[in-house]
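A short worksheet on the structure shown next.
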Amino acid sequence: MIYFDSCYIAKFYLAEPDSPKVISFARQHPNIACLLLGKAEVLAVFHRKYRENVVDAKGFALLCDQF
Numbered sequence: 003m004i005y006f007d008s009c010y011i012a013k014f015y016l017a018e019p020d021s022p023k024v025i026s027f028a029r030q031h032p033n034i035a036c037l038l039l040g041k042a043e044v045l046a047v048f049h050r051k052y053r054e055n056v057v058d059a060k061g062f063a064l065l066c067d068q069f
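Letter by letter, the sequence shown follows residues 3 to 69 of my numbering.
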């Protein structure tokens, strides 16, 4: 089993430089886990992107809904 932290999980939802590598790795290794706390941490990552104006309010809401 492989553990993904919140930053890696967020890469599935945000277009970041390493997102394609992380997604490709996950497809090759289907047994990936994350702590339950990771959910709150990923939402915090989305909110940080909103505060930094990387995503707007609508984009933030969409990210949260999709997650």
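Quick reminder that beta carbons are idealized off the backbone N, C-alpha and C, glycines included. Note that the structure is a prediction, hence the values are computed from the model and not measured.
The beta carbon of residue 6 sits closer than 6 Å to those of 34 and 36, all from its chain and outside the five residues before and after it, given in chain order. In the assembly as shown, residue 60 is an exposed residue. Its beta-carbon has fewer than 16 other beta-carbons within 10 Å. The continuous stretches of alpha helix (DSSP H) do not include residue 36, and DSSP gives it neither H nor E. Here residue 65 is buried: its Cβ has 16 or more other Cβ atoms, across all protein chains shown, within 10 Å.
Taking 8 Å as the upper bound for CB-CB distance, residue 14 and residue 25 are in contact here, some 6 Å apart.
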